[in-house]
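Throughout the sequence shown, residue numbering follows the working numbering, covering 1 to 250 in sequence. Ideal placement from N, C-alpha and C gives every residue a C-beta, glycine not left out.
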Amino acid sequence: LLCLNLAQAQTEAGTREKILQHIQSGQVHEAVLLGQQAVSRWPKDAQLRHYLGVAYFKSGDLKQAQEQLERAKELDPDDSATHFDLALVFLTQENYVLAAPELEATIKISPSNALAHILLGRAYLNSNRSVQAIEEFKTALKINPAIRLGHYHLGFAYASLGRNDEAIAEYKTELERSGENPEVVYELGHSLTEAGKPDEAIPYLRRAAQLDPQNSNIWYNLGKAQVLGNHPADAEISLKRAIALNAQDP
């Protein structure tokens, strides 16, 4: 069937279109098999290798995805999508050192790509480059003020530098714009505690515990806020819950 598909496509352009259709419809296995045949027939087609790399990525084969995307990049170094998708492979592997240059290349070619700025900010943040991360998140929000979790990421970067008041403002903005996200609610409560405002923090941490009741960190920080707010009975309940959920943590 795949040989028939390749024969029907006839041209490189038709084959690219067929592979892309497979990827978009979730037929990843078919995309991989057709892509393998296609790059064998047209080994210097950068777009075919790009699509094959994406198909491998979606199938979970990160090694082959990286190989094909790097080959596509060699063939066409000015294609921003190839750099971006290669960065996604590295981010999935939590290899932030290799992801950052690919995202920098993406942005150099396509500076208005707000998501690339967000992901580069995350790569910087996970490489202890918080100041640079803040600038990327700010740029992303200038390009697209409604980008998902943009203010959350900016708040997290501020919090990593101990700039809790700025973090609190960003988390509150994110909640207003995106609705109730458990992680945002939790981080807001955590930053309020760190800013010396435990009584303001407690309602957010309680809500976070309701939204994600199996998260021991939330219960621990709720207990901490309750201790600081002089609510010892409530703190005891919260801290016991944290211990029960994470009995291996000393």
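Listed in chain order, the alpha helix (DSSP H) elements of length 4 or more contained wholly in the region 166-211 are 182-194 and 198-211. Cα atoms of Glu170 and Gln47: separation of roughly 39 Å, rounded to the nearest angstrom. In this chain, the alpha helix (DSSP H) harbouring His50 covers Ala46 to Ser59. The DSSP-derived three-state label of Ala100 is helix. Taking the CA atoms as reference points, Gly223 sits about 14 Å from Pro213.
Around Ile168, the same chain offers Leu188, Ser191, Leu192 and Ala195 as residues with beta carbons nearer than 7 Å, after the five sequence neighbours per side are excluded. One thing to note: Ala116 has its Cβ no nearer than 8 Å to the Cβ of Leu125. For the pair Val28 and Lys18, the Cα-to-Cα distance works out to about 12 Å.
In chain order, Val32, Gln64, Ala65 and Gln68 place their CB closer than 7 Å to the CB of Tyr56, counting only its own chain and leaving out the 5 sequence neighbours on each side. Assignment of Asn221 by DSSP, reduced to helix, strand and coil, places it in the helix class. Proximity to Asn181 across Glu166, Leu211, Glu200 and Asn164 peaks at Leu211, based on C-alpha coordinates. Within the same chain, Cβ atoms closer than 6 Å to the Cβ of Arg49 are found at Val39, Gln68, Arg71 and Ala72, the five residues on either side in sequence being excluded. For a cut-off of 8 Å, the C-beta gap from Leu149 to Lys138 is around 14 Å, too long to register as a contact. DSSP places Gln214 in no alpha helix (DSSP H); its state is neither H nor E. Secondary structure at Asp85: helix, using DSSP grouped into helix, strand and coil. Cβ-Cβ distances below 6 Å link Ala105 to His83 in the same chain, with the five nearest sequence neighbours on each side left out; the list follows chain order. Contact between Ala100 and Leu120 holds, since their C-beta atoms are separated by about 6 Å, short of 8 Å.
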